[in-house]
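Counted from 1, the sequence shown has number 285 at position 285 by full-length UniProt numbering; the numbering is strictly sequential. Just so it is clear, CB atoms sit at the ideal spot from N, CA and C, and this is done for glycine as well. Computed from a predicted model, the values in this text were never measured in an experiment. Take a look at the structure below.
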Amino acid sequence: MTAAARPAGCRPAHLARRRPTCLPDRTMHRPGLDRYSDGLLAAAARIDPEGKALGPRILVVGGSIGGLFAAVLLHRAGFDVTVTERSRHGLEGRGAGLVAQEEVFAILREVGFEHVARMGVVARERIYLDQAGGIIHRQQMPQAQLSWDLLFRSFRELLPAERYQTGQQAVAVEREGDGARVLYADGSAEQADIVIGADGIGSVVRTAVAGGSSRPAYVGYATWRGLVPESAVPRSAAHQLFDRFAFYEMPQSQILGYLVAGADGGIEKGRRRYNWVWYRHYSADALEAVLTDIDGERRPFSVAPGRVRPEMVAEMRGDAERLLPPSFAAAVLAEQQPFLHAIFDYAPPRMVAGRIALMGDAAFVARPHTAMGVAKAAGDAFALRDALRGASDLDAALEAYEAERAPVGRSIVAYGKRLGQSLD
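Set out below in structure tokens:
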């Protein structure tokens, strides 16, 4: 099954306790989220009048969206939470577009940020192209796309500045007594009652939980990506692609694209950006070349915008002109700084070891066809908050978190493998 065969916003029944849902036509107001709707009054009661957290000390390693989800929910529930992020300059501008799922809308409602959900860009239908650019199939399937940057900034603003520490590169995590200790590259260390690994696909924390079986497996293909100001996309391509979720498939390759909000969150015509994702097959040897950046450093998982070697970009552009429908080729060529992600699978033997827990891509790495990476992180954050809030036994609470989320993570990874079979 390909991503085109199943709506990205539809969740199979085996991935959730609730019935499967297709979100695009009812994303803003869904009843039945009582598990997530305890509200903020009870949480506020755990914080003294001066705003000092009274609960156990928690260190969240990794300050991307997943880490922010967990930190914000736990902070509001009364825990003493600090996020440590290795980047010195923050993560703004690092993300592209995302297809919002149920858990994303739920967490936005939880923190009173429904307006962020309303700032999504809606694709009115799905279209499937042939190489000449003709539309060979269409589905009336409205779907909301959000901006990663907008979501990140929104949650970053909810966490007090002193609780988000940049330039802190964790190099190891150790179990220590009734807690854990994080060691940093500068030689410093921090002790906490709980350490949460939210440090993504290349997680340092994962080693402390999963041991030697902590390396994700390359699946044989990678994605080239672009995030283009809509004004830079030629008019003929914009006419076909904009306000639609578009696909083109060929042997061992697929490209898709959709509009997202602008860099400033704007969704008005002229302020948006076009997000394209091109899946391409690479052997292990070819991947070595593609993941080697402009400084000659072999990156482990991805190459950021502006860091891809010019000869790799030139080769990709030439292939786009030769292989893709004209509208997609034009969108690809309009991106001045394309970036690259290799695709991996990973399912850990466990999510928790003592007082150390994994979440998001630090736990399970699923292929992006599922469009569930951010949703999975939101679900993990809710489960952590719910397990720890009011818990008298933190170890038992973390075990309960693992028992709830590990089956979900395994199911999503398996689902991604099925969706990616045509690209393997």
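Residue i - DSSP class collapsed to helix/strand/coil
i       : result
Ser-188 : coil
Gly-257 : strand
Glu-297 : coil
Phe-155 : helix
Ala-366 : coil
Leu-358 : strand
Val-195 : strand
Asp-395 : helix
Glu-268 : coil
Pro-407 : helix
Asp-345 : strand
Leu-388 : helix
Val-413 : helix
Val-99  : strand
Ser-147 : strand
Pro-229 : strand
Beta-carbon proximity check, residue i vs residue j, cutoff 9 Å
i           : j       : result
Val-121     : Tyr-258 : yes
Ala-378     : Arg-206 : no
Tyr-279     : Thr-223 : yes
Arg-355     : Leu-398 : yes
Leu-324     : Ile-255 : yes
Val-352     : Tyr-415 : no
Val-116     : Leu-150 : yes
residue 428 : Ala-331 : Outside the modelled stretch of the chain, which goes from 1 to 424, sits residue 428, for which no answer is possible.
Leu-340     : Val-260 : no
Arg-405     : Ala-77  : no
Ala-208     : Ala-238 : no
Ser-87      : Thr-166 : yes
Gln-101     : Ala-375 : yes
Gly-67      : Ile-196 : yes
Whole-Å CB distance - residue i paired with residue j, under 8 Å assumed
i       : j       : result
Ala-246 : Asp-199 : With 8 Å as the limit, Ala-246 and Asp-199 do not qualify as a contact, their Cβ atoms being about 33 Å apart.
Val-277 : Leu-291 : Between Leu-291 and Val-277 the Cβ distance is about 17 Å, and since that is not below 8 Å, they are no contact.
Lys-417 : Asp-345 : 6 Å
Beta bridge counterpart(s) of residue i as assigned by DSSP
i       : result
Thr-84  : Val-61, Gln-165
Leu-340 : Trp-224, Val-303
Tyr-248 : Ile-255
Ile-127 : Arg-138, Ala-246
Gln-421 : DSSP, once it has assigned bridges, lists no residue as partnering Gln-421.
Val-173 : Val-182
Arg-317 : None, per the DSSP bridge assignment.
Neighbour-count burial assignment, residue i, 16 or more Cβ in a 10 Å radius
i       : result
Ala-334 : buried
Met-250 : exposed
Gln-131 : exposed
Pro-407 : exposed
Asp-424 : exposed
Lys-269 : exposed
Beta carbon proximity, residue i to chain C, threshold 9 Å
i       : result
Pro-216 : Among the chains in the structure shown there is no chain C, since it carries only a single protein chain.
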